[in-house]
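Trainee: Please read through the structure below; I'll follow up with questions.
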Amino acid sequence: MSRPREDILGQESGEDCHVIDLMGFSDEILLHILSYVPSTDLVLSVKRACRKLATLCLDKSLTHTVVLHKDYQVSKDKVKQLLKEIGKEILQLNMAGCYWLPSSTIDHVLRCKNLVKLNLSGCHLTSLRLSKMLSVLQNLRSLAIDVNPGFDASQLSTECKATLSRVLELKQTLYTPSYGVVPCCTSLEKLLLYFEILDRSREGFILSGQLMVGESNVPHYQNLRVFYARLAPGYVNQEVVRLYLAVLSDRTPENLHVFLISAPGSFAETGATKNLLDSMARNVCLDALQLPKSWLNGFSLLQHVKFNNPFYFSFSRCTLSGLVQKVINGGKDLKSLTSLNLSGCIHCLAPDSFFRKAEDDIDSSILESLVVSCCNLRHLNLSAAHHHSSENLGKHLCQLLARLKHLLSLALPVCSITDGAANADKPPMQSVTNMLPQGFGKKARVGVQTYSRSVEQGHAKPQTSVFWTLLESLLLLESLELIGSNFSSAMPRNEPAIRNSLPACSRAQHVGDAEVAAISQLTYLRNLTLAQLPNILTGSGLIRIGAQCQHLRTLSLANLGMMGKVVYLHAFMDMLKYCKHLRDLSFQAERPALNVVIFPLLHEDLTEVIRDVPMMHLDEITLFKSRVAEEPPNLWW
Numbered sequence: 001m002s003r004p005r006e007d008i009l010g011q012e013s014g015e016d017c018h019v020i021d022l023m024g025f026s027d028e029i030l031l032h033i034l035s036y037v038p039s040t041d042l043v044l045s046v047k048r049a050c051r052k053l054a055t056l057c058l059d060k061s062l063t064h065t066v067v068l069h070k071d072y073q074v075s076k077d078k079v080k081q082l083l084k085e086i087g088k089e090i091l092q093l094n095m096a097g098c099y100w101l102p103s104s105t106i107d108h109v110l111r112c113k114n115l116v117k118l119n120l121s122g123c124h125l126t127s128l129r130l131s132k133m134l135s136v137l138q139n140l141r142s143l144a145i146d147v148n149p150g151f152d153a154s155q156l157s158t159e160c161k162a163t164l165s166r167v168l169e170l171k172q173t174l175y176t177p178s179y180g181v182v183p184c185c186t187s188l189e190k191l192l193l194y195f196e197i198l199d200r201s202r203e204g205f206i207l208s209g210q211l212m213v214g215e216s217n218v219p220h221y222q223n224l225r226v227f228y229a230r231l232a233p234g235y236v237n238q239e240v241v242r243l244y245l246a247v248l249s250d251r252t253p254e255n256l257h258v259f260l261i262s263a264p265g266s267f268a269e270t271g272a273t274k275n276l277l278d279s280m281a282r283n284v285c286l287d288a289l290q291l292p293k294s295w296l297n298g299f300s301l302l303q304h305v306k307f308n309n310p311f312y313f314s315f316s317r318c319t320l321s322g323l324v325q326k327v328i329n330g331g332k333d334l335k336s337l338t339s340l341n342l343s344g345c346i347h348c349l350a351p352d353s354f355f356r357k358a359e360d361d362i363d364s365s366i367l368e369s370l371v372v373s374c375c376n377l378r379h380l381n382l383s384a385a386h387h388h389s390s391e392n393l394g395k396h397l398c399q400l401l402a403r404l405k406h407l408l409s410l411a412l413p414v415c416s417i418t419d420g421a422a423n424a425d426k427p428p429m430q431s432v433t434n435m436l437p438q439g440f441g442k443k444a445r446v447g448v449q450t451y452s453r454s455v456e457q458g459h460a461k462p463q464t465s466v467f468w469t470l471l472e473s474l475l476l477l478e479s480l481e482l483i484g485s486n487f488s489s490a491m492p493r494n495e496p497a498i499r500n501s502l503p504a505c506s507r508a509q510h511v512g513d514a515e516v517a518a519i520s521q522l523t524y525l526r527n528l529t530l531a532q533l534p535n536i537l538t539g540s541g542l543i544r545i546g547a548q549c550q551h552l553r554t555l556s557l558a559n560l561g562m563m564g565k566v567v568y569l570h571a572f573m574d575m576l577k578y579c580k581h582l583r584d585l586s587f588q589a590e591r592p593a594l595n596v597v598i599f600p601l602l603h604e605d606l607t608e609v610i611r612d613v614p615m616m617h618l619d620e621i622t623l624f625k626s627r628v629a630e631e632p633p634n635l636w637w
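Residue numbering for the sequence shown follows the UniProt record's numbering, beginning at 1 and increasing consecutively.
Okay, here's the thing in structure tokens:
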């Protein structure tokens, strides 16, 4: 039976009444919506749509800060047109990692004469172009650049040096032994140094840590408040950073309150560095501290250094016994501490004893003292160590960490989340092959394991699961890492390539799909890393995560399930259907048969690969490392 024409028209008119005109929103709402549009699209496209948008797109809240970082569709012509139209309005310009743009693009930055902050890390920049640009940017106070082979500080003009003398914040990535522009920055308050110098030239010649000719000027540190140095592997990087530190050891700035040095591998302490640490212990009050592990292991700095309102500590890979006790018992108020990195500190939760093995149970009283003293922690990293809990009721690591209600990011070893009492009598995990019946009889099905595709039919909370209880208490968590204590990435960034990875910890064998399903409670989760969980079978927990963690942006999976028996891939593919906002995905699985080919490439040719990969992508493809509390939050804008 056909419907009357009037009813159809009435329904259509009713539907039209619910159509929302975008231009009917208030200016405040429209400005908020437009803030998510890339600057190039905003100025070159959206602005031309109508008069109202033409006015809003030029609002100061949208034009004061322009970010071209990772805007891969932007070209030289678009940048030229963008800076031509709004260059005078821009106060902050971020072109970090725009390696595809020709060096001549930098010439157009001259239009932004009111710039206060400028980030050109990863851009092609010569010393002559830098001189020409900075001669115009007299209001500049924050600068980030790369120093490449061929950089010559003598080519910087007087006007350029005058601008640099007013710069307060400098981020400098070094690809050649050099002071860069640091000696010209006489008013520096924040200095961030990234050392990416290779030990050999492309032609195979061994490089020296000596500075280039004409670099006799030394840095000016008298006003320095923040010093940060991150070293890539290599002898030359260590030699060059010692030249920077030598000036600090002569006269330590009185206002220094952040001192961070991140160095992979062995970085030997020298007389100059010991003098620097002695001077710091006597003359400054720190708020953030990170030192190479050998410096911490051999010097009693933690007992002598003074802290004001500490907000960041990193003791990564420090093997000092009783580390946490030394920090807590130093009489320091740690309630202001928001970020703590104890990655690889195998003895940090144990008493000061030389007879403890790495696999022994932790001292829960030490962890409890840490939780009480650092009650406002937001970022905590306990990865790369065996933190095994005893069967004492209420003293499990997960139960104690559940008191840290403000945590936003957390990294744990897989073996730390198992309930010792619940798993004491549980046999080790068996592979699919071992579970098959022997001899004649009904055969078990071998192949893709079945799992529930319905989220509602997923795992219920195990009654004794301390991990479920932990995540119930940390509902604001945005980043979570569960990484096997013996895990090593197949594509290391700061460690030498290895031929065979160590097997998972025996306690990690009990962490499977049910425990992974607990992560689905984290509604605001944005970053998730799971590595070396051999008991992942069907992958049903992954589906629950995808369905309920709708804010997930970054997902990293490595070495899940038993080697050669990856049967969770169907569930993994179903998980991805739910992840509508996922931006970065990294997946790694063990293939021992390929080691014969892969290992020599990693061992011998890795430096050549690194040489040709843009730095921003190099960090992306070496994603499998712990990033929680890797550096202080908001270190750079």
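For each residue, glycine too, the CB sits at the ideal point set by N, CA and C.
Since the model is a prediction, treat every value here as computed from it, not as a measurement.
#1: Enumerate in chain order the residues of its own chain whose CB-to-CB distance from H406 is below 7 Å, with the five nearest sequence positions on each side excluded.
#2: Cutting at 6 Å between CB atoms, please list the residues of its own chain near R317, excluding the five before and the five after it.
#3: Quick one: what's got a C-beta closer than 6 Å to L260's C-beta in the same chain, skipping five residues either side?
#4: I'd like to check one pair, V136 with L164: are the Cβ atoms closer than 7 Å?
#5: Assuming contact is defined by CB atoms lying nearer than 7 Å, are S547 and Y578 in contact in what I supplied?
#6: Between which residues of its own chain and N308 is the CB-CB distance below 6 Å, once the five residues before and five after are set aside?
#7: What separation, rounded to the nearest whole angstrom, lies between the Cα atoms of Q172 and K395?
#8: Determine the direct distance from the alpha carbon of S506 to that of G447, and round the result to whole angstroms.
#9: Are A281 and S249 close, meaning C-beta to C-beta below 7 Å?
#10: Give the straight-line distance between the Cα atoms of T186 and L211, rounded to the nearest whole angstrom.
#11: Tell me which same chain residues have a C-beta within less than 8 Å of the C-beta of N297, skipping the five on either side of it?
#12: Quick one: what does DSSP say N275 is sitting in, helix, strand or coil?
#13: Spell out the partners DSSP gives P413 in its beta bridges.
#14: Going by other Cβ atoms of all chains shown within 10 Å of its Cβ, with 16 needed for buried, is M23 buried or exposed?
#15: Report the residue from S339, H347, L193 and T40 whose alpha carbon sits nearest the alpha carbon of V324.
#16: Under the three-state reduction of DSSP, which class applies to T173: helix, strand or coil?
#17: Taking its Cβ as the centre, do 16 or more other Cβ atoms sit within 10 Å of L475, making it buried, or is it exposed?
#18: Just list the alpha helix (DSSP H) runs in the segment 29 to 97, keeping only unbroken ones of 4 residues or longer that don't cross its boundaries, in chain order.
#19: So what does DSSP say about G214, is it helix, strand or coil?
#20: Pick out whichever of D77, K76, D27 and G122 has its Cα sitting closest to the Cα of L62.
#21: I believe K117 touches R141 by the beta-carbon criterion, under 8 Å. Please report the beta-carbon distance rounded to the nearest angstrom.
#22: Would you say I545 and S520 are within 7 Å of each other, going by their C-beta atoms?
#23: Answer with buried or exposed for G14, where buried requires no fewer than 16 other C-beta atoms within 10 angstroms of its C-beta.
#24: Under a three-way DSSP split, which group does A504 fall into?
#25: Determine the direct distance from the alpha carbon of W636 to that of P183, and round the result to whole angstroms.
#26: Taking 6 Å as the limit between beta carbons, can you name the residues of its chain near R583, skipping five residues before and five after?
#27: Whose CA, out of L110, T40, L93 and G539, lies closest to the CA of L82?
#28: Quick one: any contact between the segment 87 to 95 and the segment 114 to 134, if contact means 3 or more CB pairs under 8 Å?
#29: Using the three-state DSSP reduction, which class does C318 fall into: helix, strand or coil?
#30: What does V226 pair with, by DSSP beta-bridge criteria?
#31: Can you tell me the Cβ-Cβ gap for D199 and V236, rounded? I've got them flagged as a contact below 8 Å.
#32: Quick check on DSSP: helix, strand or coil for Q588?
#33: What three-state label does DSSP hand D360 in the structure shown?
#34: In angstroms with no decimal places, state the Cα-to-Cα distance between E169 and T529.
#35: What residue range is occupied by the uninterrupted alpha helix (DSSP H) comprising D513?
#36: How should Q238 be labelled, buried or exposed, when 16 other C-beta atoms within 10 angstroms of its C-beta is the threshold for buried?
Mentor: With the structure as the only source:
#1: Excluding positions up to five away in sequence, the list reads N376, L377 and R378.
#2: So the list reads K293 and G344, once near-sequence residues are dropped.
#3: Leaving aside the five residues that flank L260 on each side, the residues in its chain whose CB is nearer than 6 Å to its CB run, in chain order, Y228 and Q290.
#4: For L164 and V136, no; Cβs fall outside 7 Å.
#5: The identity of residue 547 in the sequence shown is Ala, whereas the question assumes Ser. Yes, the pair counts as a contact, with Cβ atoms nearer than the cut-off.
#6: The residues are C285 and D287.
#7: Distance between the alpha carbons of Q172 and K395 is about 46 Å.
#8: Any reading at G447 is ruled out, since the residue's pLDDT is 48, under 50, leaving its predicted position unreliable.
#9: No, the pair does not count as a contact, with Cβ atoms beyond the cut-off.
#10: Straight-line Cα distance between these residues: approximately 20 Å.
#11: C318, T319 and L320, listed in sequence order.
#12: Residue state, collapsed to three classes: helix.
#13: The beta-bridge partner set that DSSP reports for P413 consists of I483.
#14: Exposed, by the Cβ-count rule.
#15: With distances taken between CA atoms, V324 lies nearest to H347 out of S339, H347, L193 and T40.
#16: Reduced to three states, the DSSP call for T173 is strand.
#17: With fewer than 16 Cβ atoms within 10 Å of its Cβ, L475 is classed as exposed.
#18: For the segment 29 to 97, the full-length alpha helix (DSSP H) segments reaching 4 residues or more read 39 to 44, 51 to 56, 60 to 63 and 76 to 86 along the chain.
#19: Summary for G214: the model assigns pLDDT 49, below 50, so the residue's position carries little reliability, and this model does not support an answer.
#20: Put simply, of D77, K76, D27 and G122 the residue whose alpha carbon is nearest the alpha carbon of L62 is D27.
#21: Between the beta-carbon of K117 and that of R141 there is about 7 Å, and that keeps the pair under the 8 Å contact cut.
#22: I545 places its beta carbon less than 7 Å from that of S520.
#23: Residue confidence is low: G14 scores 49 on pLDDT, short of 50, so the model does not pin down where it sits. Its coordinate-derived value is still stated next. With fewer than 16 Cβ atoms within 10 Å of its Cβ, G14 is classed as exposed.
#24: A504 falls in the coil class under three-state DSSP.
#25: Cα-Cα distance, rounded: 21 Å.
#26: Correct list, in chain order: R553.
#27: Selected option, being the one with the closest Cα: T40.
#28: The segment 87 to 95 makes contact with the segment 114 to 134; the number of CB pairs closer than 8 Å reaches 3 or more.
#29: It is coil, neither helix nor strand.
#30: Partner(s): K190 and V258.
#31: With 8 Å as the limit, D199 and V236 qualify as a contact, their Cβ atoms being about 5 Å apart.
#32: Collapsing the DSSP output to three states places Q588 in a strand.
#33: Correct three-state label for D360: coil.
#34: A straight line joining the alpha-carbon of E169 with that of T529 spans about 33 Å.
#35: Taken as a continuous stretch (DSSP letters only), the alpha helix (DSSP H) holding D513 covers D513 to A517.
#36: Within 10 angstroms of the beta-carbon of Q238 lie 16 or more other beta-carbons, which makes it buried.
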